[in-house]
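Just so you know, the sequences run in chain order G and X. Each residue of the first sequence is one higher than the last, beginning at 140 in my numbering. Each residue of the second sequence is one higher than the last, beginning at 7 in my numbering. Okay, so here's the structure we're looking at.
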Amino acid sequence: MSWRAIAFALAVLAALVFPAVAGTYSVKLLQEILIWGVFAMSLDVLMGYAGMVSFGHSAFFGVGGYVAALALTQWGAGTVTGLVVPAAAAAVAAVVIGYFSIRVSGVYFIMLTLAFSQMFYAVTFQVAWLGAEDGIVGVPRPVILGVDLATPGAFHVYVIGVAAAATLLLAGIVRSPFGHVLRGIHDNEGRMQSIGYAVHRYKLLAFVIAGTVAGVAGALYTQFAGSITPEAFLWRTSGEALLMVIIGGTGTLGGALLGAAAFILLQSFVSSYTERWMLLLGATFILFVLFAPGGIVGALRGRIGLRA
Amino acid sequence: MLLSDLLAQALNGLSYGVLLFLLSVGLTLIFGMLDVVNLAHGSFYMLGAYAGLATIAVTGNFWLALLAAPLAVGLVGALMERTVLRPLYRRPPLDQVLLTFGFIYVFEDVVKWIWGGSIRSIPPPDIFARSVNLFGGAFPSYRLFVIVFGLVVAVLLWLLIERTRLGAVIRAGVYDAEMTSGMGINIHRVFTGVFAFGAALGGLSGVIAGPIQSAQPPMGATILVPALIVVVVGGLGSLKGSLVGSLLIGQAEVWGKVWLPGVSMAMIYLVMAAVVLLRPQGLFGRPLK
Chain G
140 MSWRAIAFAL AVLAALVFPA VAGTYSVKLL QEILIWGVFA MSLDVLMGYA
190 GMVSFGHSAF FGVGGYVAAL ALTQWGAGTV TGLVVPAAAA AVAAVVIGYF
240 SIRVSGVYFI MLTLAFSQMF YAVTFQVAWL GAEDGIVGVP RPVILGVDLA
290 TPGAFHVYVI GVAAAATLLL AGIVRSPFGH VLRGIHDNEG RMQSIGYAVH
340 RYKLLAFVIA GTVAGVAGAL YTQFAGSITP EAFLWRTSGE ALLMVIIGGT
390 GTLGGALLGA AAFILLQSFV SSYTERWMLL LGATFILFVL FAPGGIVGAL
440 RGRIGLRA
Chain X
7 MLLSDLLAQA LNGLSYGVLL FLLSVGLTLI FGMLDVVNLA HGSFYMLGAY
57 AGLATIAVTG NFWLALLAAP LAVGLVGALM ERTVLRPLYR RPPLDQVLLT
107 FGFIYVFEDV VKWIWGGSIR SIPPPDIFAR SVNLFGGAFP SYRLFVIVFG
157 LVVAVLLWLL IERTRLGAVI RAGVYDAEMT SGMGINIHRV FTGVFAFGAA
207 LGGLSGVIAG PIQSAQPPMG ATILVPALIV VVVGGLGSLK GSLVGSLLIG
257 QAEVWGKVWL PGVSMAMIYL VMAAVVLLRP QGLFGRPLK
């Protein structure tokens with residue numbers, strides 16, 4: 140067993156027993172970290188591995204969240220409505236947005252993805268049967284494999300289970316031959332094209348995988364909060380995921396998770412002392428880009444010689 | 007719908023389009039020169055509106071605000087380029103985009119800190135405070151002023167870029183910065199100047215928008231999206247594209263409200279999607295590699 144697998148198993152175990160030693164608030168923070176961690180990891184697959192920096196990843200988080208809210212309230216609360224349908228919807232959204240967006244790259248890709256995510260914001264903000272600006276509230280938690288997730292303990296295990304599964308899936312993908320092709324595209328798209336890879340198809344698939352997992356994160360978030368609002372689509376949501384990836388270190392899934400933890404903990408800590416959370420957030424962002432572009436993981440690697 | 011209503015709507019679209027032009031032309035100028043998509047450009051617009059408010063609070067004069075606010079915002083832009091953007095020119099261009107993204111948060115919160123989060127509005131100057139009779143209906147005269155003002159700025163910009171020595175230097179820098187620097191031009195000074203000038207245009211548009219759209223801290227992030235859509239539609243780095251894209255998006259916004267009530271906000275995105283599908287580089291953009 141590699142040290143990676145051991146660390147992963149230990150982390151899952153620690154998360155599972157966490158409620159035994161911590162209060163309700165801390166447990167909720169941990170769940171929030173895991174949900175945002177899944178979202179940030181999905182963005183990192185796109186950014187750090189395929190080299191496609193998206194400023195509109197909130198589109199899929201929001202679609203997953205909204206479809207989960209609709210399905211759980213309208214069609215009954217089960218596995219299909221809680222996870223499968225939202226993931227599928229996010230995948231469809233990713234195919235459509237991806238079809239348009241991967242035609243361009245670099246700054247154009249940034250602008251297009253940002254604009255598309257704001258289109259969802261605009262539509263959900265206006266459409267009455269989606270609750271307009273109030274969103275959808277009172278979303279029940281599903282019953283999965285006969286277990287009612289309305290119980291806090293069961294929900295905790297469920298969040299850990301989904302987050303662990305998403306982590307393993309994404310880790311498997313970036314280590315697979317497919318993941319290596321993505322890294323090749325990141326390093327030199329023209330060369331990969333010349334070698335004979337259908338670069339566009341790979342990029343679209345990466346976009347859809349990242350979008351689907353982001354949709355799962357959104358669905359989890361709806362079940363966590365019991366509601367979803369158009370804010371989920373807002374550029375801020377994409378920006379926060381981006382910040383998590385950058386703080387943690389792009390191109391390392393563990394870094395994205397670490398970044399999510401740092402972000403959520405800092406947010407809960409700072410907002411109890413000052414109202415200037417956004418200022419601090421922006422300044423952190425700027426300082427990391429200027430002085431630590433490799434994020435926490437990059438800085439650690441430099442210090443203690445941790446290997447990639 | 008009466009013909010007079012149609013004309014009034016078209017004029018509304020034109021005034022919004024002209025406003026978008028003042029904003030997006032700075033964005034496109036900065037990109038053309040520095041290869042940076044300045045995501046904090048909406049923040050310059052917001053800073054302009056608040057600097058305008060502050061000037062009016064002290065002097066009570068709108069015209070003074072129209073002069074002071076762009077200067078102040080231009081100074082902020084110059085400082086930003088000198089201190090944080092310049093060290094990143096050797097890095098991949100995305101790092102600079104990320105950096106400007108961080109500034110959206112910083113500027114918005116600083117403004118909230120100083121002026122609070124409430125909605126304010128800039129009163130229009132006295133001579134444009136009334137409506138005029140147009141096509142048998144009342145039309146705010148300030149909007150007519152915005153249209154004329156924006157078109158005058160467009161002409162002046164065109165003259166500056168195409169007919170002056172400074173414009174020639176800028177065009178040369180856009181074409182090949184390294185070669186221009188080899189010809190003995192201090193390209194770094196040009197970079198700072200263009201960034202400051204683009205920021206000042208953003209600030210200017212903020213003051214101009216003040217009497218039409220109310221000022222509040224999130225306004226910068228909100229206006230950024232239509233401005234980006236304009237440059238996607240018109241073609242990044244093209245002044246002509248910025249003008250045509252702005253006027254097109256201005257009309258799309260207004261007619262969306264007429265034709266698609268309920269989902270009107272989606273209209274401009276539909277226009278964008280159509281353009282991207284047919285011409286990924288935008289209407290006047292250079293072909294993508």
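Backbone N, C-alpha and C fix where the C-beta goes; we use that ideal spot for every residue, glycine too. From a predicted model like this one, the values you see are computed outputs, not experimental measurements.
Checking contacts by CB at 8 Å: is G398/G closer than that to chain X? Counting from 1 along the first sequence, the entry for residue 398/G is found at position 259. Output row for G398/G: interface = no.
Using only CA atoms, which one of F37/X, G58/X, L26/X and G23/X lies nearest to P217/X? Taking the second sequence and counting its residues from 1, one reaches residue 217/X at position 211. Checked all of F37/X, G58/X, L26/X and G23/X; the closest Cα to P217/X is G58/X.
Residue interval of the alpha helix (DSSP H) (run including F157/G): Within the first sequence, the letter at position 18 stands for residue 157/G. That run of the alpha helix (DSSP H) goes W142 to V160.
Would you kindly work out how many angstroms separate the C-alpha atoms of I236/G and L168/G, rounded to a whole number? Stepping through the first sequence from its first residue, residue 236/G is reached at position 97. Stepping through the first sequence from its first residue, residue 168/G is reached at position 29. Answer to the nearest angstrom: the Cα atoms are 32 Å apart.
What residues in its chain sit with their C-beta under 7 Å from that of F427/G, if we drop five residues either side in the sequence? One-based indexing of the first sequence puts residue 427/G at position 288. Here the set comprises I385, I386 and G434.
Using only alpha-carbon positions, find the residue among W265/X, R292/X and G256/X that is nearest to M278/X. For this step, residue 278/X is matched to residue 272 along the second sequence. The shortest C-alpha separation from M278/X is found at G256/X.
Suppose contacts are defined by Cβ-Cβ distances below 8 Å. Is L242/X in contact with F109/X by that definition? By 1-based counting over the second sequence, the position of residue 242/X is 236. By 1-based counting over the second sequence, the position of residue 109/X is 103. Against a cut-off of 8 Å, the Cβ pair of F109/X and L242/X comes out as no contact.
Can you give, in chain order, each stretch of the beta strand (DSSP E) that sits fully within the stretch 136-174 of chain X and has at least 3 residues? 137-140 and 143-146
Which residue comes first and which comes last in the alpha helix (DSSP H) that contains E114/X? For this step, residue 114/X is matched to residue 108 along the second sequence. Note, E114/X: alpha helix (DSSP H), P99 to W121.
Excluding five sequence neighbours on each side, which residues of the same chain lie with their C-beta closer than 7 Å to the C-beta of L429/G? The count along the first sequence starts at 1 and reaches residue 429/G at position 290. Nothing listed; no residue qualifies.
Given L309/G as reference, the closest of F199/G, A400/G, T351/G and Y360/G once Cα atoms are compared: The sequence position of residue 309/G within the first sequence is 170, counting from 1. It is T351/G.
Against A254/G, what residues of chain X qualify as contacts under a CB-to-CB distance less than 8 Å, listed in chain order? The residue you call residue 254/G lines up with position 115 of the first sequence. Ordered by position in chain X, the residues that pass the 8 Å Cβ test against A254/G are V231, L234, I235, V238, Y275 and M278.
With distances taken Cα to Cα, identify the nearest neighbour of G48/X among D11/X, T89/X, R97/X and V112/X. If you number the second sequence from 1, residue 48/X lands on position 42. Comparing Cα positions, the closest option is V112/X.
Does the structure place the stretch 200-213 of chain G close enough to the stretch 356-363 of chain G that three or more beta carbon pairs sit under 8 Å? Short answer: they touch.
Looking at the secondary structure, which residues open and close the alpha helix (DSSP H) in which Q406/G lies? The residue you call residue 406/G lines up with position 267 of the first sequence. Here the alpha helix (DSSP H) through Q406/G covers L392 to V409.
Taking only the alpha-carbon atoms, compute the straight-line gap between S10/X and V152/X and give it to the nearest angstrom. On the second sequence, position 4 is the one that residue 10/X refers to. On the second sequence, position 146 is the one that residue 152/X refers to. For S10/X and V152/X, the distance between alpha carbons rounds to 20 Å.
D183/G beta carbon near the ligand PLP (any heavy atom closer than 7 Å): Annotation note on the ligand PLP: not contained in the displayed structure, which lists no ligands.
Can you give me the C-alpha to C-alpha distance between G221/G and L284/X, rounded to a whole angstrom? Your numbering for residue 221/G matches position 82 in the first sequence. Your numbering for residue 284/X matches position 278 in the second sequence. Computed Cα separation, rounded: 38 Å.
Run through DSSP, which three-state label would V196/X get? In the second sequence, the residue the question calls residue 196/X occupies position 190. In the structure shown, V196/X sits in a helix (DSSP, three-state: H, G or I).
Kindly list the residues whose CB is nearer than 7 Å to the CB of R446/G, restricted to its own chain and excluding five residues on each side of it in sequence; keep chain order. Position 307 of the first sequence, counted from the start, is the residue given in the question as residue 446/G. Reliability of the predicted coordinates at R446/G is poor, the pLDDT of 47 falling under 50, and the value obtained from them is presented with this limitation in mind. Result list for R446/G: empty, nothing under 7 Å.
What's the gap between the Cα of S141/G and the Cα of L307/G? The residue labelled residue 141/G in the question sits at position 2 within the first sequence. The residue labelled residue 307/G in the question sits at position 168 within the first sequence. Their backbone Cα atoms lie some 14 Å apart in a straight line.
Would you grab the beta carbon distance between G143/X and L33/X for me? Rounded to a whole angstrom, and I think it's under 8 Å. Against the second sequence, residue 143/X aligns to sequence position 137. Against the second sequence, residue 33/X aligns to sequence position 27. With a Cβ gap of about 34 Å, G143/X and L33/X do not count as contacting.
Contact belief for A380/G with L182/G at Cβ below 8 Å, rounded distance in angstroms: By one-based count along the first sequence, residue 380/G stands at place 241. By one-based count along the first sequence, residue 182/G stands at place 43. 5 Å between Cβ atoms; contact.
State the start and end residues of the unbroken alpha helix (DSSP H) segment that holds P76/X. The count along the second sequence starts at 1 and reaches residue 76/X at position 70. Run containing P76/X: F68 to M86, per the alpha helix (DSSP H) assignment.
Out of N44/X, I120/X and L70/X, which one is the CA nearest neighbour of G83/X? Numbered from its first residue, the second sequence carries residue 83/X at position 77. For G83/X, the nearest C-alpha among the options comes from N44/X.
Does DSSP put R126/X in a helix, in a strand, or in coil? Within the second sequence, the letter at position 120 stands for residue 126/X. In this structure, R126/X counts as strand in the three-state DSSP scheme.
How would you list, in chain order, the residues of chain G whose beta-carbon sits under 9 Å from the beta-carbon of P93/X? Position 87 of the second sequence, counted from the first residue, corresponds to residue 93/X. Among the residues of chain G, those whose CB is under 9 Å from the CB of P93/X are L429, following chain order.
If you scan the stretch 336-383 of chain G from start to end, which runs of the alpha helix (DSSP H) of 4 or more residues do you find wholly inside it? 338-364
With a cut-off of 8 Å, does the C-beta of P286/X fall near any C-beta of chain G? Reading the second sequence from its first residue, position 280 is the one you call residue 286/X. So yes, P286/X belongs to the interface.
Does M191/G have its Cβ less than 8 Å from a Cβ in chain X? Here residue 191/G corresponds to residue number 52 of the first sequence, with the count starting at 1. So no, M191/G is outside the interface.
Using 8 Å as the threshold, is the stretch 363-379 of chain G in touch with the stretch 256-276 of chain G, meaning 3 or more CB pairs across them? yes
What residues in the stretch 108-119 of chain X have a beta carbon less than 9 Å from any beta carbon of chain G? G108, F109, I110, Y111, V112, F113, E114, D115, V116, K118 and W119
Just to confirm, are T252/G and G195/G a CB contact at a threshold of 8 Å? Residue 252/G sits at position 113 when you count from the first residue of the first sequence. Residue 195/G sits at position 56 when you count from the first residue of the first sequence. In this structure, G195/G lies closer than 8 Å to T252/G by Cβ.
Contacting residues, own chain, Cβ-Cβ under 8 Å from P232/X (five flanking each side not counted): Position 226 of the second sequence holds residue 232/X. Hits under 8 Å: L26, I255, E259 and I274.
Against chain G, which members of the stretch 206-221 of chain X pass a CB distance test of less than 9 Å? none
On the three-state DSSP scale, how would you describe V236/X? The residue you call residue 236/X lines up with position 230 of the second sequence. Three-state DSSP puts V236/X in a helix.
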